[in-house]
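Structure record follows, encoded as structure tokens.
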DNA sequence: CCCATATCGTATGATAAGCATACAATCGGC
DNA sequence: GCCGATTGTATGCTTATCATACGATATGGG
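Protein chains in written order, with this note's numbering: chain D, 139 to 300; chain S, 139 to 300.
Given below as structure tokens:
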């Protein structure tokens with residue numbers, strides 16, 4: 139007989155009001171969940187997703203330019219600059235002026251960068267396995283195919299490149 | 139006989155080196171793609187995903203507190219403060235001290251907030267339909283179920299119900 | 001009734017990221 | 001050699017996330 143006096147329910151379980159049926163909402167919530175796990179797991183190497191991806195790509199493609207990496211990661215030159223700056227300040231990557239095209243800065247990993255990346259790869263494998271284990275092989279395959287469909291993998295286009 | 143002189147492939151076809159097989163990578167790229175579309179579509183109402191979700195939730199749950207919304211959106215009080223501040227400055231939402239619990243600020247939409255939200259809902263419907271159309275009903279159902287599993291919150295409980 | 005504890009809003013500061021814009025150097029085609 | 005495109009760079013603005021701290025308030029135990 140306590141709260142009958144309350145005219146309006148103070149705070150019941152909130153009505154999601156269909157939010158959970160939005161692709162964008164589910165996509166974002168999934169990404170947030172995975173981001174948090176990633177950040178926690180990567181704490182000892184202090185890498186964000188984009189930073190990891192950049193290191194990974196530079197390692198596999200020594201001499202790639204910032205613009206190259208930016209296109210693949212779906213971002214723009216200005217944002218990529220800031221990202222590479224941070225990796226550069228930590229002395230994980232090196233910028234070397236290209237001889238063929240003196241506009242370009244060829245990116246290379248330093249020894250420290252390679253060592254850190256190796257650590258990160260190991261951590262990432264566990265991180266990925268943890269999420270992969272939530273699905274059957276069939277489900278996972280379908281999920282990956284579905285996600286890939288959101289972005290035309292063939293043509294990734296940063297906004298301010300027209 | 140043009141580029142035979144180049145010792146190293148100068149640019150484009152970069153080796154993704156397995157990046158595309160990472161759940162986290164595909165999830166992020168999908169989210170980035172959808173985010174860009176969302177931002178472009180919502181330009182006329184100038185709402186981010188989180189801002190839209192907050193308005194949507196406040197509309198469906200008048201009097202909900204910042205903490206309630208924060209829990210559902212998977213963020214914290216401090217971040218939510220900043221978000222609500224922006225909505226408040228634009229006079230889309232109102233904070234009212236609760237009579238039952240004077241710590242709480244009950245959130246309500248202003249008339250302008252309701253009008254803007256109505257516009258946003260219309261835009262969002264098109265936006266969602268555009269992405270939904272990339273999948274069969276069966277595929278979409280599987281995708282949504284898979285995404286929901288990442289943040290396994292079947293029941294999201296506001297903090298004040300613990 | 002008083003007190004310990006928890007909760008909510010709030011403030012502050014740091015970091016990451018995204019986007020727009022502008023500019024200089026350079027490259028490539030004509 | 002000129003013109004348009006590309007690359008890196010710089011600057012500024014906005015959103016978001018996270019950590020931390022503090023005051024006001026609520027709640028429950030003693």
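We put the beta carbon where it would ideally sit given N, CA and C, even for glycine.
Around residue 185 (chain D), no beta-carbon contact reaches into chain S at under 8 Å, the shortest distance being about 12 Å. According to the DSSP secondary-structure assignment, residue 231 (chain D) is paired through a beta bridge with D:247. Residues of the same chain with a CB within less than 8 Å of the CB of residue 208 (chain S), apart from the 5 flanking positions on each side, are 214, 215, 217 and 218 in chain order. Judged by their CB atoms, residue 229 (chain D) and residue 205 (chain D) are not nearer to each other than the 8 Å cut-off. Within the stretch 156-185 of chain D, the residues whose Cβ lies closer than 7 Å to any Cβ of chain S are, in chain order, 157, 160, 161, 162, 163, 164, 165, 166, 167, 168, 169, 170, 171, 172 and 176. Residue 157 (chain D) and residue 283 (chain S) have their C-alpha atoms roughly 14 Å apart. Interface annotation, residue 289 (chain S): in contact with chain D, CB-CB separation under 8 Å. Looking only at S:154, S:275 and S:200, the smallest Cα-Cα distance to residue 152 (chain D) is reached by S:200.
Excluding residues up to 5 positions away in sequence, 236, 242, 243, 244 and 245 lie with their Cβ nearer than 8 Å to the Cβ of residue 203 (chain D) in the same chain.
At a cut-off of 8 Å between beta-carbon atoms, residue 246 (chain D) makes no contact with chain S.
Not flagged as an interface residue toward chain D: residue 219 (chain S), since no C-beta distance is shorter than 8 Å. Across the structure, residue 267 (chain D) and residue 258 (chain S) are spaced so that their CA atoms are roughly 38 Å apart.
Closest in alpha carbon position to residue 210 (chain S), among D:227, D:221 and D:171, is D:171. Judged by DSSP in its simplified three-state form, residue 201 (chain D) adopts coil rather than helix or strand.
Selection S:165, S:193 and S:239 evaluated against residue 226 (chain S) yields S:193 as nearest (Cα-Cα). For the pair residue 191 (chain S) and residue 163 (chain D), the CB atoms are nearer than the 8 Å cut-off. In the three-state reduction of the DSSP assignment, residue 242 (chain S) falls in the coil class. Classified as buried, residue 166 (chain D) has 16 or more neighbouring CB atoms from the shown chains inside 10 Å of its CB. For residue 281 (chain S), the enclosing alpha helix (DSSP H) stretches over residues 275-288.
Of all residues in the stretch 193-206 of chain D, the ones placed with a Cβ closer than 9 Å to any Cβ belonging to chain S are 194, 195, 197, 198, 199, 200, 201, 202, 203, 205 and 206, in chain order. Legend: CB atoms of the stretch 250-270 of chain D lying less than 8 Å from CB atoms of chain S belong to residues 262, 265, 266, 269 and 270.
If you draw a 10 Å sphere on the C-beta of residue 180 (chain S), you find 16 or more other C-beta atoms in it, and that means buried. DSSP, reduced to helix, strand and coil, places residue 153 (chain D) outside both helices and strands of the structure shown, so it counts as coil. Within the model, the alpha-carbon separation for residue 161 (chain S) versus residue 273 (chain D) is close to 11 Å.
For the options S:222, S:183 and S:212, the alpha carbon positioned closest to that of residue 255 (chain S) is the one of S:183. Residues of chain D with a Cβ closer than 8 Å to the Cβ of residue 191 (chain S) are, in chain order, 157 and 163.
In summary, residue 187 (chain S) is buried, with 16 or more beta-carbon neighbours lying within 10 Å of its beta-carbon over all protein chains present. Residue range 161-179 is occupied by the alpha helix (DSSP H) that includes residue 165 (chain D).
Exclusion of the five residues before and after residue 260 (chain D) leaves no residue of its chain whose Cβ lies closer than 6 Å to its Cβ. Residue 176 (chain D) is positioned such that its CB atom lies closer than 8 Å to that of residue 265 (chain D).
With respect to chain S, the C-beta atom of residue 232 (chain D) has no partner C-beta closer than 8 Å.
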